[in-house]
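A.B. asks: Numbering (this note's numbering), first residue to last: 17 to 257. Right, I'll just put the structure down here and ask away after.
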């Protein structure tokens, strides 16, 4: 009986551990890298949008449990992803692209799960769980579990995590000059690097608009951006094979 139980537990351990090991070794074929990078960026944009559109709920001091759960957020993200790409995450047919997208969605769910006490804190209005924070937490989880890096980089980062490296800075300067509607990517060394421009939308102005120099709700200094200005880019770095 003990032997059978030991075997059963060992098998269960393999089931539980193997996916994490596979995720940590995520590597995309070069031919699929552009599609995968664009899809990862689309998923992050979807998550940022969900967090942005639920700020009133998140910051409601009169509510405790807000129902802003990992599963709820994942469903909202999947719907937004489908609107922008034409396919829900689970409907992606290419296994490599799907693996990258699902890893991003899983990291997003963990980011939401890790912040439940913060989101559901009663008696407090502004929680500080804004799209940029969601993106940073998700990015940290995703990098640790899959090797995929996502970053919300900009000329004027509010967090050093988002400071552009030399490659990103060059692309940001190009975006500032050309104002493209789509992103750009290429293989750099053993990675595929992709940047998708982010432009200021109406919802961004509350924290990033005028009057320039004034403090926003988070206590950060407003940059004075106008509607349609380039705010930065979603930067994706994928290991390729």
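By construction, the Cβ of each residue, glycine as well, lies at the ideal position given by its N, Cα and C atoms.
Considering only C-alpha positions, which residue in the set 167, 141, 147 and 247 is nearest to residue 189?
C.D. replies: The candidate whose alpha carbon is nearest that of residue 189 is 247.
A.B. asks: Compare the beta carbon distance of residue 186 and residue 167 with 8 Å and say whether it is the shorter of the two.
C.D. replies: Cβ distance not < 8 Å, so residue 186 and residue 167 don't count as in contact.
A.B. asks: Scan the segment 216-257 and note each continuous alpha helix (DSSP H) run of 4 residues or more that stays entirely inside, going in chain order.
C.D. replies: With a minimum length of 4 residues, the continuous alpha helix (DSSP H) runs that stay inside the segment 216-257 are 221-224.
A.B. asks: Note down the Cα distance separating residue 184 from residue 171, rounded to an integer number of angstroms.
C.D. replies: About 10 Å.
A.B. asks: When you compare only the Cα positions, how much space is there between residue 115 and residue 144?
C.D. replies: Answer to the nearest angstrom: the Cα atoms are 30 Å apart.
A.B. asks: Which parts of the segment 121-183 are runs of the beta strand (DSSP E), unbroken and 3 residues or longer, counting only runs that do not cross its ends?
C.D. replies: 165-169, all fully within the segment 121-183.
A.B. asks: Compare the beta carbon distance of residue 213 and residue 196 with 8 Å and say whether it is the shorter of the two.
C.D. replies: Result yes, Cβ atoms of residue 213 and residue 196 sit closer than 8 Å.
A.B. asks: Expressed to the nearest angstrom, what Euclidean distance is found between the alpha-carbon atoms of residue 69 and residue 202?
C.D. replies: About 32 Å.
A.B. asks: Answer yes or no: does any C-beta atom of chain B fall closer than 8 Å to that of residue 78?
C.D. replies: The structure shown has no chain B; it contains just one protein chain.
A.B. asks: What is the rounded straight-line gap between the Cα of residue 33 and the Cα of residue 241?
C.D. replies: Residue placement at residue 33 is poorly supported in this model, since its pLDDT is 36, which falls under 50; the coordinates still yield a value, given next. The straight-line gap from Cα to Cα measures roughly 46 Å.
A.B. asks: Alpha carbon to alpha carbon, how far is residue 67 from residue 236? Give it in angstroms, no decimals.
C.D. replies: Those two C-alpha atoms are separated by around 19 Å.
A.B. asks: Below 8 Å between beta carbons: does that hold for residue 124 and residue 63?
C.D. replies: It is a contact, given that the beta carbons lie within the stated cut-off.
A.B. asks: On the three-pair Cβ rule with 8 Å, is the segment 44-55 touching the segment 106-121?
C.D. replies: Counting Cβ pairs under 8 Å, three or more are found: they touch.
A.B. asks: Leaving out the 5 sequence neighbours to the left and right, which residues in its chain are closer than 6 Å to residue 43 when beta-carbon positions are compared?
C.D. replies: Counting only Cβ-Cβ distances below 6 Å, and skipping sequence neighbours, we find 255 and 257.
A.B. asks: Got a sec? Which residues, its chain only, sit under 8 Å from residue 258 by beta carbon, not counting five neighbours each side?
C.D. replies: Residue 258 falls outside the range modelled here, since the chain spans only 17 to 257, and no answer is possible.
A.B. asks: Please go through the same chain and pick out, in chain order, the residues whose beta-carbon is closer than 6 Å to the beta-carbon of residue 177, but skip the five residues on each side of it.
C.D. replies: So the list reads 152, once near-sequence residues are dropped.
A.B. asks: May I ask you to list the residues that DSSP assigns as paired with residue 204?
C.D. replies: Its beta-bridge partners are 207.
A.B. asks: Report the residue ranges of all alpha helix (DSSP H) runs contained in full by the segment 56-123; include only those spanning at least 4 residues, in chain order.
C.D. replies: You should have 71-74 and 86-101.
A.B. asks: Cα separation between residue 35 and residue 161?
C.D. replies: For residue 35, the predicted structure reports a pLDDT of 38, less than 50, and the residue's modelled location is therefore unreliable. The matter cannot be settled from this model.
A.B. asks: Going by DSSP, which residues form a beta bridge with residue 213?
C.D. replies: Per DSSP, 249.
A.B. asks: Can the beta-carbon of residue 103 be found less than 8 Å from the beta-carbon of residue 60?
C.D. replies: Going by C-beta atoms, residue 103 is not nearer than 8 Å to residue 60.
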